[in-house]
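Per our numbering, numbering of the sequence shown is gapless, rising by one per residue and ending at 1097.
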Amino acid sequence: MEIRPERLAGHVAPGLPAAVAARLLASPRLGARARALAERVAAAAGDALAALPPAEAALARAALTHAGREGLARAAVLAGAAWNAPRVRALLRAADVAAFAEAFGRDARAAALAHGDLAPPPAADHLPLHEAVLADGAILLLGWRDALPAPVPDALALTWPLEEPAADPADPRLAAGRAAIARVAAALEGTGPR
């Protein structure tokens, strides 16, 4: 289990520089203790994962082992597309639809069409659609992670393989994250609507 130094610093001693945490992880004695702690937290998360829908549990288990980096990134893109469904649906020119599909895949457009009810009411978005899909998806993914039953969020946070964007705790994307990622995870596994 790979522990990211910045994650260890944030959970063990907030304010501890990531470089110091990296040196601690490199120490044979302290590194072994940190990995043992992370493994205990991950093992404790196992019971909570068993209570999750299969697609979400699979996504979380893969994230715990870093095998799920691509799956997490894909789930974030699909959720970001669904969150921006009105803008995706507004792509009328074949060239615009093709550019979106080339950037994110046809399944991202399908997710926007199938799960458009996850989208908030239209607002003035200042980001281009491609950037909005990525930014919104990343925050939705964090909302999903943090809404999972304890101690899963702590276990995932120690080994989280993706960059974490800064988000205001009142951001509606954080609250909507659990539902959005649950839906697209099921679609990725083939157990839900695409």
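A virtual CB, placed ideally from N, CA and C, is assigned to each residue, including glycine.
Since we're looking at a predicted model, the values are computed, not measured.
query	result
Taking the C-alpha atoms as reference points, what is the distance between Ala-1041 and Ala-998?	26 Å
May I have a chain-ordered list of the alpha helix (DSSP H) segments no shorter than 4 residues that lie completely inside the stretch 992-1047?	997-1007, 1009-1017
Alpha carbon to alpha carbon, how far is Glu-909 from Arg-1097? Give it in angstroms, no decimals.	Unreliable placement is indicated for Arg-1097, whose pLDDT of 49 sits below 50; the coordinate value is still reported in the next sentence. Going from the Cα of Arg-1097 to the Cα of Glu-909 covers about 35 Å.
Quick check on Ala-1079: buried or exposed, where buried means 16 or more other Cβ atoms within 10 Å of its Cβ?	buried
Three-state secondary structure (DSSP) at Trp-1063?	coil
Going along the chain, which residues of its own chain have a beta-carbon closer than 7 Å to the beta-carbon of Ala-976, five neighbours each way excluded?	Leu-1065
Please determine, among Ala-1069, Pro-1054, Ala-1053, Leu-1051, the residue with the shortest C-alpha to C-alpha distance to Asp-1039.	Ala-1069
For Val-944, collect the residues of the same chain with a Cβ closer than 7 Å to its Cβ; drop the 5 residues on either side in sequence, then sort them by chain order.	Pro-1054, Asp-1057, Ala-1058, Leu-1061
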